[in-house]
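**Q** These protein sequence lines map, in sequence, to chains G and Z.
Take 1 as the starting number for the first sequence in the working numbering and just add one per residue.
Take 1001 as the starting number for the second sequence in the working numbering and just add one per residue.
Think of the CB as a built atom: it goes at the ideal place given N, C-alpha and C, for glycine as much as any other residue.
Take this structure first; my questions come after.
There are 2 protein chains.
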Amino acid sequence: MGGDEAPEIVIEGMKLFSRERQDVSFIMHGDARRIEPLLKKAPEIRDISKLHHTDSQILMEDKPSQALRKARNSSMWNAVESVKSGAAHAAVSAGNTGALMAISIMLLRKMKGVHRPGMTALWPTQKGVCIVLDVGANLDADATQLAIFAIMGEAYARAVTGKKHPSVGLLNIGAEESKGHSHLKMAADMISSDLLGLNYHGFVEGDDIPAGTVDVVVTDGFSGNVALKTAEGTARLVASYMKEAFAGDIFSKIGAGLAASGLRRLRVKMNPSKVNGGVLLGLNGVVVKSHGGTDAQGYATAINLAADLAKSNYKDELIVGLERIVQMTENQDFVKDTL
Amino acid sequence: MGGDEAPEIVIEGMKLFSRERQDVSFIMHGDARRIEPLLKKAPEIRDISKLHHTDSQILMEDKPSQALRKARNSSMWNAVESVKSGAAHAAVSAGNTGALMAISIMLLRKMKGVHRPGMTALWPTQKGVCIVLDVGANLDADATQLAIFAIMGEAYARAVTGKKHPSVGLLNIGAEESKGHSHLKMAADMISSDLLGLNYHGFVEGDDIPAGTVDVVVTDGFSGNVALKTAEGTARLVASYMKEAFAGDIFSKIGAGLAASGLRRLRVKMNPSKVNGGVLLGLNGVVVKSHGGTDAQGYATAINLAADLAKSNYKDELIVGLERIVQMTENQDFVKDTL
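See below:
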């Protein structure tokens, strides 16, 4: 029920997804009066979809306090609850982000060893995609939390990119070892430690994210969110420059017409729905947050992400990694060395 | 002497600048053996340029400690010294950023009331330009430092944009009042106080920078630098997508040929040399840092910025603003209210 054009666009996304991939069935949570007629007209997914009716729904504009008061039995709550009960292997929602985080943490609980869950973004890069976390679940992060983000992000990157040893970078200003906050230096010591077995690249800067220098960029929620929003705004700025450039004179217009297929490829490349889906890592269950304003392709992408993650060894790998962090922080010698 | 193609490109920039504007004369600091022959071939600026020879030069790759050891009597040192002595009204350098900051702070000293100087960036936006500070002179900033950045950025924006009441936003994650660190809330209280008389817009997010929502965006050096680098990288990513798109098929190639004038306009719009020049605000004198890899146009832009700033009331306005901040932080009632 969440997102700008739900439930219609959600069902379009499910249809798109099911054309590509047949190993997933659906449990839909929401208003049956609105969803049932749509499902009847969707033979591709009708037989693989169960519908659980609920009248209640959290709205995009609900403040956190309002959302939590009416959370129980809302479509969002029931979707996450179905992951908790084991009925579903993953949940996807395009609804209110704050409410989805709060309900997910409340119902699924943090994994043992996780201080705070981290929200990821899939980022288009010169080389493919990069995973950035945290992009806003928390305001800040200490060294241990950053090391936990590194472990979570690496396991997640392995699940969705198929790379065996995804590389990890720590966001900083200036790649020189001497720069940066002391907690970043301590985090670097932890992440590069042999005990964790991560493929640590070193410090990276903001431009290394779109350059694709590493597979995973670790940062606190404030910096990650600033980077994400700035990148979105910059892409919009360049797109508007481009529109102006082609509107300029008759040759430019004819040129734009002839270059239509090229421009279409460009739009596909720049289409944020191809990289749609943020995951709240560190919970006992997979929850994917889709952008509320995405299109059917965006929903298909988010469902694909949820399916990949639910089928991967991500959770078992994460348990091992988190145990190593607990060992490390309990190890007095290490802490003494790095402080 | 600083930057990738100095001194040739610097002189080309001076020539470009002097075609547009005749109210500025130059004092050049550097190796006369290399500069003199170039000046002889530049009748536009020969008669308005004095040359102060020095053999010594700080290199781009010098580490801060190396740079400081050989700083005295280097071309960079002498340029800043000429501002201190009153011989010059402003200095422009494309050299080693860290060294320029250290030398400028050492020679020009911080203005009374300034805790730490802030480095600015001029940012292209949907509506023109936006000034962002701090973009990396400091790692972090408390509420008072952010309020001082707001005062400095506003006075600077008035000097370079000509707007009487530039609007000021405070970078945060989520525009809701309830979000964000407590020091950001306190900074918002200070910046919005009637005592400062600023045109405070409220919290802004990363995408508000390229959108041009406000004229000045205030943030700490870590977040500002992450935003700046991320935006640069994103623009490069989109440009490489564009290149690929037009290289795709024969129609796209012909289209790109026909659209050449449009694409040229796009390149001009996206050209970072049109917004070249960072200013270290809060010192007793104007120092502009040009990008080391910029072209002649970039040097002309940086010189123009220095001239605008030197001719403006920026410093007097800043003195008034800084006095107000001192009054405010000495005012017990205000601090009690905001804490």
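Counting only the same chain and skipping the five closest in sequence on each side, list residues whose C-beta sits under 6 Å from that of G/Ala71.
**A** Here residue 71 of chain G refers to the residue found at position 71 of the first sequence. Excluding sequence neighbours, G/Ala71 sits near Trp77, Ile103.
**Q** Quick check on DSSP: helix, strand or coil for G/Met28?
**A** Mapped onto the first sequence, residue 28 of chain G falls at position 28. Correct three-state label for G/Met28: strand.
**Q** Between the stretch 202-221 of chain G and the stretch 112-128 of chain G, do at least 3 Cβ pairs fall closer than 8 Å?
**A** yes
**Q** List the residues of chain G that Z/Val1226 touches, going by C-beta distances under 7 Å, in chain order.
**A** Numbered from 1 along the second sequence, position 226 holds the residue referred to as residue 1226 of chain Z. In chain order: Leu171, Ile173, Gly206, Ser223, Val226, Ala227.
**Q** G/Ala239 to Z/Arg1324, Cα distance in whole Å?
**A** The sequence position of residue 239 of chain G within the first sequence is 239, counting from 1. The sequence position of residue 1324 of chain Z within the second sequence is 324, counting from 1. Rounded to the nearest angstrom, the two C-alpha atoms are 42 Å apart.
**Q** Grouping DSSP H, G and I as helix and E and B as strand, with all else coil, what is G/Gly255?
**A** Here residue 255 of chain G corresponds to residue number 255 of the first sequence, with the count starting at 1. Of the three classes helix, strand and coil, the one that applies to G/Gly255 here is helix, per DSSP.
**Q** If I measure Cβ to Cβ from G/Tyr200 and keep anything under 6 Å in the same chain, skipping five residues before and after, which residues do I get?
**A** Reading the first sequence from its first residue, position 200 is the one you call residue 200 of chain G. The answer, listed in chain order, is Val168, Ile191, Ser192.
**Q** Quick check on G/Asp215: buried or exposed, where buried means 16 or more other Cβ atoms within 10 Å of its Cβ?
**A** Numbered from 1 along the first sequence, position 215 holds the residue referred to as residue 215 of chain G. Answer is buried; the Cβ neighbour count reaches 16.
**Q** Verify whether the separation of the beta carbon atoms of G/Asp134 and G/Met119 is less than 7 Å.
**A** Counting from one through the first sequence, the residue named residue 134 of chain G turns up at place 134. Counting from one through the first sequence, the residue named residue 119 of chain G turns up at place 119. Their beta carbons are under 7 Å apart, which means G/Asp134 touches G/Met119 by this criterion.
**Q** Could you pull the start and end residues of the alpha helix (DSSP H) that G/Val226 belongs to?
**A** Residue numbering aside, residue 226 of chain G sits at position 226 when the first sequence is read from its first letter. Start and end: 221-247.
**Q** Measure the C-alpha to C-alpha separation of G/Met1 and Z/Val1275 and round it to an integer number of angstroms.
**A** Indexing the first sequence from 1 puts residue 1 of chain G at position 1. Indexing the second sequence from 1 puts residue 1275 of chain Z at position 275. The alpha-carbon separation between G/Met1 and Z/Val1275 amounts to approximately 45 Å.
**Q** Can you grab the Cα-Cα spacing for the pair Z/Leu1283 / Z/Pro1117, in whole Å?
**A** The count along the second sequence starts at 1 and reaches residue 1283 of chain Z at position 283. The count along the second sequence starts at 1 and reaches residue 1117 of chain Z at position 117. Here the alpha carbon of Z/Leu1283 sits roughly 7 Å from the alpha carbon of Z/Pro1117.
**Q** To the nearest angstrom, report how far apart Z/Val1326 and Z/Leu1198 are at their CA atoms.
**A** The sequence position of residue 1326 of chain Z within the second sequence is 326, counting from 1. The sequence position of residue 1198 of chain Z within the second sequence is 198, counting from 1. Those two C-alpha atoms are separated by around 16 Å.
**Q** Report buried or exposed for G/Ile173, applying the criterion of at least 16 other Cβ atoms within 10 angstroms of its Cβ.
**A** For the purposes of this step, residue 173 of chain G is taken as the residue at position 173 of the first sequence. Per the 10 Å Cβ criterion, buried.
**Q** Going by CA-CA distance only, name the one from G/Thr329, G/Ala310, G/Asn331, G/Lys315 that's closest to G/Val24.
**A** Position 24 of the first sequence, counted from the first residue, corresponds to residue 24 of chain G. Of G/Thr329, G/Ala310, G/Asn331, G/Lys315, the residue nearest in Cα terms is G/Ala310.
**Q** Taking the C-alpha atoms as reference points, what is the distance between Z/His1291 and Z/Tyr1299?
**A** Translated into the one-based positions of the second sequence, residue 1291 of chain Z becomes position 291. Translated into the one-based positions of the second sequence, residue 1299 of chain Z becomes position 299. Straight-line Cα distance between these residues: approximately 8 Å.
**Q** Determine the chain G residues that contact Z/Ile1209 at a beta-carbon separation under 8 Å, and present them in chain order.
**A** Counting from 1 along the second sequence, the entry for residue 1209 of chain Z is found at position 209. Here the neighbours are Thr230, Gly233.
**Q** Reducing DSSP to helix, strand and coil, say where Z/Met1001 ends up.
**A** Reading the second sequence from its first residue, position 1 is the one you call residue 1001 of chain Z. Coil.
**Q** State the Cα-Cα distance for the pair G/Ser56 and G/Ala67, rounded to the nearest angstrom.
**A** One-based indexing of the first sequence puts residue 56 of chain G at position 56. One-based indexing of the first sequence puts residue 67 of chain G at position 67. Rounded to whole angstroms, G/Ser56 to G/Ala67 spans 11 Å at the Cα level.
**Q** Which ranges would you report for the alpha helix (DSSP H) in the stretch 44-95 of chain G if only whole runs of at least 4 residues count?
**A** 64-69, 75-84
**Q** If we ignore side chains and look at the alpha-carbon of each, how far apart do G/Met14 and G/Leu108 end up?
**A** What you label residue 14 of chain G is simply residue 14 of the first sequence in a count that begins at 1. What you label residue 108 of chain G is simply residue 108 of the first sequence in a count that begins at 1. For G/Met14 and G/Leu108, the distance between alpha carbons rounds to 24 Å.
**Q** Apart from the five residues just before and just after G/Ser82, which ones in its own chain have a Cβ nearer than 8 Å to its Cβ?
**A** Locating residue 82 of chain G in the first sequence gives position 82, where the first residue counts as 1. Contacts found: Ile27, His29, His52, Ala88, Ala91.
**Q** Just mark Z/Arg1158 as buried or exposed, buried being the case when its beta carbon has 16 or more other beta carbons within 10 Å.
**A** Reading the second sequence from its first residue, position 158 is the one you call residue 1158 of chain Z. Classification for Z/Arg1158: buried.
**Q** Report the CB separation of G/Gly277 from G/Ala302 in whole angstroms; it is logged as a contact under 8 Å.
**A** In the first sequence, residue 277 of chain G corresponds to position 277, counting from 1. In the first sequence, residue 302 of chain G corresponds to position 302, counting from 1. Right, their Cβ atoms sit about 4 Å apart.
**Q** Would you mind stating whether Z/Val1288 and Z/Ala1307 have Cβ atoms separated by less than 7 Å?
**A** In the second sequence, the residue the question calls residue 1288 of chain Z occupies position 288. In the second sequence, the residue the question calls residue 1307 of chain Z occupies position 307. Contact: no.
**Q** Alpha carbon to alpha carbon, how far is Z/Lys1112 from Z/Glu1330? Give it in angstroms, no decimals.
**A** Taking the second sequence and counting its residues from 1, one reaches residue 1330 of chain Z at position 330. Taking the second sequence and counting its residues from 1, one reaches residue 1112 of chain Z at position 112. Distance between the alpha carbons of Z/Glu1330 and Z/Lys1112: 15 Å.
**Q** Starting from G/Gly118, follow the beta strand (DSSP E) in both directions and report where the run begins and ends.
**A** Numbered from 1 along the first sequence, position 118 holds the residue referred to as residue 118 of chain G. 118-125 is the span of the beta strand (DSSP E), which, as asked, contains G/Gly118.
**Q** Report the partner residues of G/Lys167 according to the DSSP bridge assignment.
**A** The residue labelled residue 167 of chain G in the question sits at position 167 within the first sequence. According to the sequence provided, residue 167 of chain G is Ser. The question's Lys does not apply to it. Note: G/Ser167 sits in a beta bridge opposite G/Asn199.
**Q** With a threshold of 8 Å on Cβ separation, who are the neighbours of G/Glu317 within its own chain once the five nearest residues in sequence on each side are excluded?
**A** Against the first sequence, residue 317 of chain G aligns to sequence position 317. So the list reads Ala155, Arg158, once near-sequence residues are dropped.
**Q** Starting from the Cα of Z/Leu1322, find the closest Cα among Z/Leu1146, Z/Ala1099, Z/Thr1219, Z/Gly1293 and give me that residue.
**A** By 1-based counting over the second sequence, the position of residue 1322 of chain Z is 322. Nearest option by C-alpha distance: Z/Leu1146.
**Q** With G/Glu8 and G/Leu38 assumed to form a contact (beta carbons below 8 Å), what rounded beta-carbon distance in angstroms separates them?
**A** Within the first sequence, the letter at position 8 stands for residue 8 of chain G. Within the first sequence, the letter at position 38 stands for residue 38 of chain G. That pair is a contact at about 6 Å.
**Q** Which residues in chain Z sit within 7 Å of G/Thr294, going by Cβ to Cβ distance?
**A** Translated into the one-based positions of the first sequence, residue 294 of chain G becomes position 294. Simply none; closest approach about 16 Å.
**Q** Locate the beta strand (DSSP E) running through G/Lys289, then write down its first and last residues.
**A** Working through the first sequence from its first residue, we reach residue 289 of chain G at position 289. Counting along the chain, G/Lys289 sits inside the beta strand (DSSP E) bounded by residues 286-289.
**Q** Does the distance from the C-beta atom of Z/Thr1230 to that of G/Ala231 stay below 7 Å?
**A** Numbered from its first residue, the second sequence carries residue 1230 of chain Z at position 230. Numbered from its first residue, the first sequence carries residue 231 of chain G at position 231. Against a cut-off of 7 Å, the Cβ pair of G/Ala231 and Z/Thr1230 comes out as a contact.
**Q** Using a threshold of 6 Å, is the CB atom of Z/Ser1056 nearer than that to any non-hydrogen atom of the ligand MN?
**A** Among the ligands in the structure shown, none appear at all, so the ligand MN cannot be discussed.
**Q** Compare the Cα-Cα distances from G/Asp220 to each of G/Thr161, G/Leu195, G/Thr234, G/Ile148 and report the closest residue.
**A** The sequence position of residue 220 of chain G within the first sequence is 220, counting from 1. The residue with the shortest Cα to Cα distance from G/Asp220 is G/Ile148.
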